[in-house]
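Taken in sequence, the protein lines are chains E and L. Sequential numbering of the first sequence, starting at 5, is according to this note's numbering. Sequential numbering of the second sequence, starting at 10, is according to this note's numbering. Worksheet for the structure shown next.
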Amino acid sequence: MSEAAHKDYTGAKLGMWLFLFTELILFGGLFILYAVYLHRYPAEFAAAGSELNEVFGAANTLLLLSSSLAIALATSAIQRGAKGRTLWLVGATIASALIFMVNKYVEWSAKIGHGLYPDGPAMLERPPGEIAFFSLYYITTGLHGLHVLIGGALLVWVWLRVAADAIHAEDYVALENSGLYWHLVDLVWIFIFPLYYLII
Amino acid sequence: MSSASKHIVSDRIFILVWLALLALTGVTVAVSHIDLGPWNVWLALSIASFKSGLVIAFFMHMKYENRLLKGFFFCALLTLAIFIGFTFFDVHYR
């Protein structure tokens, strides 16, 4: 009888990677814009970049690197059938996503409070190069933040599926693919941090 | 069905990769405080690319994948490199 649901591990993973390639191209486009404007306005980019809080940037870097470790360990844990450990590690990753968003909220609201947002009063007084920097900052970190939210939501779903034994040592591709998505979020941030927060 | 080629990466490797990533982040922050002119951004990009390589190879398991997936990944990188390269030709010689 062929009533068991059809599973294709390799196909599922290949599909996820194909999607991730489109994500690479998407963020790649934003980094190209950054490069072109940096080439045109190096001094303005340095001045605007120095206004971003390096400590927030570094803290979020540590969070994402560590949560990437947690979800990678979770994949190994589920492969070994260690359910409790998997739940703990996926939970830690979800917590990191939340803390990341809280940091982002504090960071953005301070800037927005000073009128520094696209078309905001403080922004329009700036030279064009700084406007370009902050606009790109909002678009890139905003799109990245959206990915953090989606990644976090996916991992909540994964946590529930693991708890319900729907994801287990014999069928874990959903956890693995969600983990791949989470690593992509980490990957993009690895470039955002030096280019936006540390530029001099 | 579970894959026939289930490859479990040891926790030790993941933790070593994580430590390397933390150390490289420290290096990135440290060199950003030294004024190297245009080399700052190139150095930052080189370190970021190396860190990405570690994340993709180990955390994302690419090192242990089959040739098909590695080939696909290479094509995606090539596409990205082509459109970054051509944009720069355009910007530079405009």
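Note that the Cβ used here is the ideal one computed from N, Cα and C, for glycine as well.
Checklist line | Environment of S54 (chain E) [buried if 16+ CB atoms lie within 10 Å] | finding: exposed
Notebook entry, point to check: What are the uninterrupted segments assigned as alpha helix (DSSP H) that are 4 or more residues long and contained completely in the segment 77-105 of chain E, given in chain order?
Noted result: none
Margin query: Using a 10 Å radius around the Cβ and a threshold of 16 neighbouring Cβ atoms, would you call I196 (chain E) buried or exposed?
Written below: buried
Next item on the list: Mind the definition here: the segment 54-65 of chain E touches the segment 16-27 of chain L only if three or more C-beta pairs lie below 8 Å; say whether that holds.
Entry: no
Check: Using a C-beta cutoff of 8 Å, does L202 (chain E) count as contacting chain L?
Finding: yes
Margin query: My output table needs one value for D175 (chain E): the three-state DSSP class, helix, strand or coil.
Written below: strand
Notebook entry, point to check: DSSP three-state call for N107 (chain E): helix, strand or coil?
Noted result: helix
Check: Can you tell me the Cα-Cα spacing of V189 (chain E) and G61 (chain E), whole angstroms?
Finding: 14 Å
Margin query: Can you pull out the residues from the segment 168-198 of chain E whose beta carbon lies closer than 7 Å to at least one beta carbon of chain L?
Written below: E174, D175, L184, H187, D190, L191, I194, F195 and P198
Notebook entry, point to check: How do the segment 24-32 of chain E and the segment 76-90 of chain L stand: do at least 3 beta-carbon pairs fall below 8 Å, yes or no?
Noted result: yes
Note to self: Please list, in chain order, the chain L residues whose beta carbon lies closer than 7 Å to that of S72 (chain E).
What the structure shows: V64 and F68
Check: Is it true that the CB of V177 (chain E) sits closer than 8 Å to the CB of H148 (chain E)?
Finding: no
Next item on the list: Measure the CB-CB distance between G155 (chain E) and Y185 (chain E) and report whether it falls below 8 Å.
Entry: yes
Item checked: Selection from E:G19, E:I36 and E:L18 that minimises the alpha carbon distance to T1 (chain E) -> The structure shown does not extend to residue 1 (chain E), since chain E is modelled only from 5 to 204, so the question has no answer here.
Checklist line | Selection of the segment 17-33 of chain L by Cβ proximity to chain E, strictly under 8 Å | finding: I17, V18, S19, D20, F23, I24, V26, W27, L30 and L31
Note to self: Is the separation between the beta-carbon of L33 (chain L) and that of L18 (chain E) shorter than 8 Å?
What the structure shows: no
Check: L18 (chain E) touches chain C at which residues, Cβ-Cβ below 9 Å?
Finding: Structure shown: chain C not included; protein chains present are E and L.
Item checked: Any C-beta of chain E under 8 Å from that of S61 (chain L) -> yes
Next item on the list: With 8 Å as the threshold, decide whether the Cβ of W92 (chain E) is near any Cβ in chain L.
Entry: no
Next item on the list: From the DSSP output, in three-state form, read off N75 (chain L) for me.
Entry: coil
Notebook entry, point to check: How would you list, in chain order, the residues of chain L whose beta-carbon sits under 9 Å from the beta-carbon of H43 (chain E)?
Noted result: F97, V100 and H101
Notebook entry, point to check: Under a Cβ-count criterion, where at least 16 other Cβ atoms within 10 Å of its own Cβ denotes burial, should W48 (chain L) be classed as buried or exposed?
Noted result: exposed
Next item on the list: Would you kindly check if the distance between the Cβ of I82 (chain E) and the Cβ of S41 (chain L) is under 8 Å?
Entry: no
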